[in-house]
Every structure is written in structure tokens, then in C-alpha cells.
Amino acid sequence: MNHVDNTIYLRRRSKVCLPVPAQKEVGQEALLPLNYVASMLKNIESLGFAFSEPLIAECRALSLDQLTDFYNALVIDLRKAKGAHQSYLPMYPNFPAQVMEMSRAQLYFNSIVHYLTDGKLFPKTELRKRFPLLANVDLQIIECGDQEEFERLFGQIAGSNTSLSEQDKEDLAWFVSTYGEDSARLLPDTIPQKENVAAIAVLLVAHTQNPIEFVQKFCRTATDILRLAVAMSEGDVSLALPAKFRSFKRAERGLLLGLLERQTNPTEDMLRWKDRWIRLGERLHPGEYKRKYPQTAEAFNILRNDLPFETFNRRVEKALADRKVNEAVADFAARPGDFARRLDHLLRIGDTEGQDAVAATFAEVAPKVATPVLLQVRQHFIARNSPMPLRVFLPKGNVAKAYAVENTLPALTQSICERVVIGCENALMARFRPLSPLGKVFVDEALSHFMIPFAARSASRSFRTLARGSRLPLPADCKTLRFFVWWKNGKERTDIDLSAALFDQDFHYNDIISYYNLKNYGGCHSGDIVDAPRGASEFIDISLEKAIEMKVRYIVMTLTSYTHQPYCDLPECFAGWMAREIASSGEIYEPKTVQDRLDITADTKIAIPLILDIVENRVIWCDMALKRNPIWVNNVDGNLKGINLTLQSMTQLNKPNLHDLFVLHARARGELVETQEEAETVFSVADGLPFRQDEIASEYLA
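Using the numbering used here, the first residue of the sequence shown is number 18, and each one after it goes up by one.
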């Protein structure tokens, strides 16, 4: 079977798989003329891409028809990756010069006319000829791949030890629907993430004849079964939001109830999500199956009628409230994951002797704690006594939000913190050691700027994806930042506002470039468009030199749905940024200069795609949303408190990074060396490793 989707392969690995070369007629050249491929390369260069030499050679071996088909499909993918699949016509089409030349009075008058006509009238403008683009852009190289590597993607996504994004789920759905029964061959041996089990199980139920073996193997707890029922009802498998359960067929009810009956004492686990199970029970009708599934029927009876049942949580919460640390630790020892999550609390309420006992017990059970949790506990205690003003949490759910509270944790002794860190590291290295040897290992220091991808469920679709809080370097020749947004009306008129909020190094608000302040800081806004029946675009330019002169450090890119439609209700909305050397050269939208483009699809009205730290010359990958209603008006001024808090949260995250992860692997599986030349294994930013999140999550977070 030869199934490869180059759209998936290109996005995840910057690779493509070519068709088997067609047999050529007698007398035809064995290879196509080089100029055929050169013409294709010239066109994709304008989008910021190039081919590797092996891929060029493979292209020449194709027939002209094959090359044409391949090129046509590839260009569609590349144009969409850079946002070049849409046309761009801002209010001021000679942006930025046109805006910079106009008086504020004229800009104000033009805006009023546009607003009074509900976006029907635009200023009359004679389009000027633009100077060609002046920029040295590093092209992204597309490599030649193969089907075997492409098929491994399925196992890496499915076996990821993090939650799946919507894009991940769509890619898995392509594999299962395309490969059908052969999907079983591609499945990994283990799927550590419970949410992923539910997502894959639903696909197998829909596209294969016998999914029961998979379901029975991986649905091991009552909560696993609840997630499966939620997934079958197209709900949120993270369980952050209640699900509206659909009506199940009789066979489906039998499947779910039968799985529950296989569990050992499922009642306690079901009580964790009592209300959800009661709602699900209304759809499963367990009373009808009482003779066949007696344990399950009794569990539902306890839930419905509030019958007495002692639970783990009730016991440990009482012990913690009474400050009986030893009792709590004895219970937590049987549940290492819960122990790890409550470790700081246990250490805070214990005396010196009690702290020693807690740390010692945790070190014993740490080998049973999941890798992502151990890494986060390790990082927490490394920075436990550092003077960070905020504690930042990223709660689970399908909309990315940051929750920050003042850091009022009392200090713990450094020796206790170090014991916890050592306990985590020993457990991690013991887990990594049996994996294949790495030999001499070089770990790029630049990986310390990239966070470990622990949760992707709310990540936006983009050509490249990073963990929130990761910091990308600005291109060396970037002198002007150009933000952009493109959207199309939903069911009614839709006004999306692009803004850039400016803050100093102490997070004090300086100013904004937005629809109500079109120019400042050596930059400007392309004009506010309030209706997009056929699509609309807005741009913002900011001069880095001028912003630094004005004591700006952070620039927060924000998108606000002024007309209050959530982005998930729009047919299309995306945003991103370009790095421009000379703002006045080239077209307003030059795909070659686009650094990142994200689809904005969250159930929110305020999105913060990224933050720029122009002192350190880094882009902070944000991809966050604000859910609260504005204070008085739906723009940046009305949401300034939330934007400021998001800025502080993203710049003060205390999260594990990729450098530390790969150093632990190197210490466990090989020998660290100082230069790439000495190394047999290299972990580096240069080869795109931080963007291969499925590979990291499945092979290094196991």
C-alpha cells in the first residue's frame, strides 16, 4: 500500500515523498532538463522555500506530468503555510508610506467615513508602484522523505506523552481513515496519554471492524471509559468542560458497560466525576443490564443515591487538614502521581523530621511517576526559592489561558529542594538508561530557550508549532516588525482589530498602535476595516530602533473581535508576523518574509499570538486567549489588565526546557561532549528539533 499525504509530511518534517518515476518512452531523456525543476524552484523561492540537492535529483527522474502534479499540490500547501492563498488589500494600499505621510486629521476623517457607512466606503487611493523587496531571507529547505518515515509519524503522534492538538487529531484521522484495518500495524505498543487513547479509540471504532482489542487493552480505568464516551459524543476529552452525551446504540452501550464491569472496584474512580457519570448513566441505562453487569449497576446506584463510600481523596484531604503528614504520605505512596502533585504541600506542613520522611518516600515512589510530571516537579524545586513574583499555571482545556497568582509560598530549605530534584533526576535517568545508546552527545545550549511540549490540546494550527513560552530569535537583519491578520465575515458583519501593545521592562504600559492610534514609534497601522464579506486584512509596522529609543521592551500582538463573534465561528481567520529589513521595499504581504502564521480558531474574542522581547531580540511563542469580558469597551484599553497579566505570565514561566531534557538523556544513555565535531548524536536547534514535537513527546518523554 502506498499512502502518503505530503501536506502532513511537509508540515511535520519539512519533507515530501515523490511518486515512483513513470516509465519513459523510448527516446526520451532519462532525466528531465534542469531548467524544468529550476523554474519550479524559482517560484517556491518567492514563498521562502527551497529543495535539497537529493530532492532536486529525484524530481528530475519524474515524468513531466508527474512533476507538474507534484508541483501543483506542493504550491497549494506552501501558499497556505505562508498565508499566500488569500489576497491582501488593506485600507491604505500604499502602506506604510501612505499612512506615515498623512495627517492625523485626514486619517481620522477617513475612519469616520468608513464607520458611518458600515465599512462600505474606503479612501480613494492611486496605487503606487512598489520598490522590489530588499531582503536576505534564509530559505527553508524541503528534503526528500520516504513512506517508512512518514508512517512512523502515526506512531509518534499516537504515542505522544502529551495531549493532542486539533491538528494532531486531524492527522490521526487521516491515517486511520486511509489505512483502515492496516492502522493496527502503525500503532505504538504503548499510549501513555489517556486523552489520546480516547481520541484513537473513536477513530478505530469508526474505521475498523474490530476495535475491541485496542479498547480493552488501553481503557484501564473508569475515567478512561468516561473519556471514550465523551469522545464518542464529540466532547472535550480533557474533561475540562462537561460533555453533552449523545444517544448510544445498544452495541455501544454494551461496549461501555462491559468495559466498566472489567474494572476492579470502579466506584471510587467514578466518584471523581460523579455528575458526569450520572449524566452518562442516563444514556447507558445500566439498570437494563443489571444481571449481566452487576458491579456496574451497583456503582451507578451509589452515585445516584449518594450512598456512603469512603474514597481516597476524602481520606487524604482529612489527613492534610489535620496536618497528619505521615497518614497522608502512606496513602499517597500508593498513588505516586497524586503524591508528586501534592509534594510541595506535604513538605510545607511537615516539620524537619516530617520533611525528611516525605522526601525519602517520594524518592522511593518517583520511578512510578510519569515522565512529564517528574520533569515539572524537578523544575519546580530547582526554582522553588527563587524570587519570582508570580506563580503561573496553564489549566487544561481547549482554550489556552494563563492563570497567575502572587507567589506567597513560604521558603523550604535548599537541602530539601535539592533532595527532591535529585530524586526526580535519578528516577528519570533510570527510565532513560535502557533506551538505545546515544554514544557521545552534543546538546545545543540554544535549546534552553525552548520549552518541553507537555500539552498541545489548545495549540493553534500553524506550519510550525512550539510549546508556549518558547523563545525564537529574531532574524539578524530584522529592523521592522510587520504584524498581519486576515479574516472573513461569519454569519454577520465581523470586525477584527489588530493591535500592538507596548510595555517597558517593568511591564508598565507605554502606548499602543491600533485602530484608534494609527502611528507612533516609527511605525503605523494600515487602517481599520470593519466589514469583511470577501475577506479583509490589517497590518502594523513597528521600527525596532525607534521602539528601543522610546524605552519599549515588550510588544504584545493582540487580536480583538470588536463585534464579539468568537474566532471559532469565522470561516477563516489567521495572523502572524514578518521580519522586514526595509519596510518600504516589496509588497505589503511578502510570503518570503513571513516567519510564523497561525490559524486563529479558539472559542474566544481576544487572542494573543505572540510577544516580542526587543531587548533580547526574541519572539515569545504565546498562542493564548483571554476569556473575560472587557472592562468598558472591546479593545486593548478595555482588556489591558488581562493583556498585562498574560505578558507577565509568559515572561515569568518556570517550565522545563528541551536543553535540560536532552542533557538528562545524554547522561543516562551516553557521554556529554562540548562540540558537535566530537559527537555521535547531536540535539540542535539548527536541524529543527524543537518543532518536531510529536517526536519529542513520544520518544523522549516516555
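Here a beta-carbon is modelled for each residue, glycine too, at the ideal position from N, C-alpha and C.
Distance check for residue j and residue i, CA to CA, integer angstroms please.
i, j, result
"Phe459", "His676", "10 Å"
"His20", "Glu165", "10 Å"
"Val680", "Tyr579", "46 Å"
"Asn656", "Leu144", "36 Å"
"Asp494", "Arg448", "44 Å"
"Glu604", "Asp188", "34 Å"
"Leu615", "Asp558", "18 Å"
"Glu344", "Gln184", "44 Å"
"Glu381", "Val438", "13 Å"
"Leu587", "Glu509", "10 Å"
"Leu498", "Asp253", "37 Å"
"Asp461", "Leu337", "43 Å"
"Gln40", "Ala67", "27 Å"
"Ser543", "Asn534", "11 Å"
"His525", "Asn424", "20 Å"
"Met641", "Ala246", "29 Å"
"Arg358", "Ala383", "12 Å"
"Ser403", "Asp292", "40 Å"
"Pro647", "Glu566", "Only weak support exists for where Pro647 lies, its pLDDT of 48 falling under 50; the coordinates are left without a value."
"Lys496", "Leu445", "43 Å"
"Phe192", "Arg244", "21 Å"
"Ile666", "Ala421", "Ile is not the amino acid found at residue 666; the sequence shown has Ser there. Approximately 7 Å, taken between the alpha carbons."
"Thr378", "Val636", "41 Å"
"Arg308", "Gly275", "12 Å"
"Ser477", "Lys341", "45 Å"
"Asp521", "His682", "39 Å"
"Tyr88", "Pro50", "16 Å"
"Arg352", "Asp361", "16 Å"
Which residues in the same chain as residue i place their Cβ atom closer than 6 Å to its Cβ, once the five residues preceding and following it in sequence are excluded?
i, result
"Trp294", "Met287, Leu320"
"Asn213", "Leu181"
"Glu712", "Gln173"
"Cys585", "Thr618, Asp620"
"Arg395", "Val438, Cys441"
"Leu392", "Pro673"
"Gln693", "Phe459, Val699"
"Ile158", "Ala67, Ser69"
"Leu35", "Glu75"
Cβ of residue i within 9 Å of Cβ of residue j?
i, j, result
"Pro140", "Asn153", "no"
"Pro490", "Asn661", "no"
"Val116", "Tyr105", "no"
"Asp620", "Pro583", "yes"
"Leu256", "Thr240", "yes"
"Gly162", "Val611", "no"
"Val409", "Leu221", "no"
"Val33", "Tyr26", "yes"
"Ser487", "Pro707", "yes"
"Leu272", "Val232", "yes"
"Tyr538", "Lys563", "yes"
"Arg485", "Trp638", "yes"
"Ser602", "Pro149", "yes"
"Thr225", "Ala248", "no"
"Glu160", "Leu72", "yes"
"Gly600", "Pro113", "Note that residue 600 corresponds to Ala in the displayed sequence, not to Gly. The answer is yes: Cβ separation under 9 Å."
"Arg29", "Asp94", "no"
"Gln710", "Thr482", "yes"
"Thr284", "Glu315", "yes"
"Phe556", "Ala98", "no"
"Arg263", "Arg450", "no"
In chain order, what residues of the same chain have a beta carbon less than 8 Å from the beta carbon of residue i, not counting five sequence neighbours either side?
i, result
"His302", "Arg270"
"Ala592", "Phe500, Phe501, Val502, Trp503, Leu515, Met574, Leu576, Arg614, Leu615, Ile617, Ala624, Pro626"
Apart from the five residues on each side of it in sequence, which residues of its chain come closer than 7 Å, Cβ to Cβ, to residue i?
i, result
"Leu364", "Gln372, Val375, Leu429, Ile433"
"Gly354", "Val386, Ala387, Val390"
"Phe800", "Here the chain has residues from 18 to 719 only, and residue 800 is not among them."
"Ala175", "Leu189, Leu204, Pro205, Ile208, Asn213, Ile217"
Can you pull the DSSP bridge partners for residue i?
i, result
"Ile513", "Ser578"
"Asn537", "Gly540"
"Cys590", "Trp504"
"Gly552", "Note: Gly552 sits in no beta bridge, so no partner."
"Met595", "Arg499, Val611"
"Glu688", "Lys457"
"Arg408", "Val422"
"Ile557", "Phe500, His542"
Those runs of the alpha helix (DSSP H) which lie wholly inside the region 132-178 and span at least 4 residues: Fully enclosed alpha helix (DSSP H) runs of 4 or longer: 164-175.
Start-end ranges of the beta strand (DSSP E) lying completely within the region 458-501, minimum 3 residues: Runs of the beta strand (DSSP E) inside the region 458-501: 488-490.
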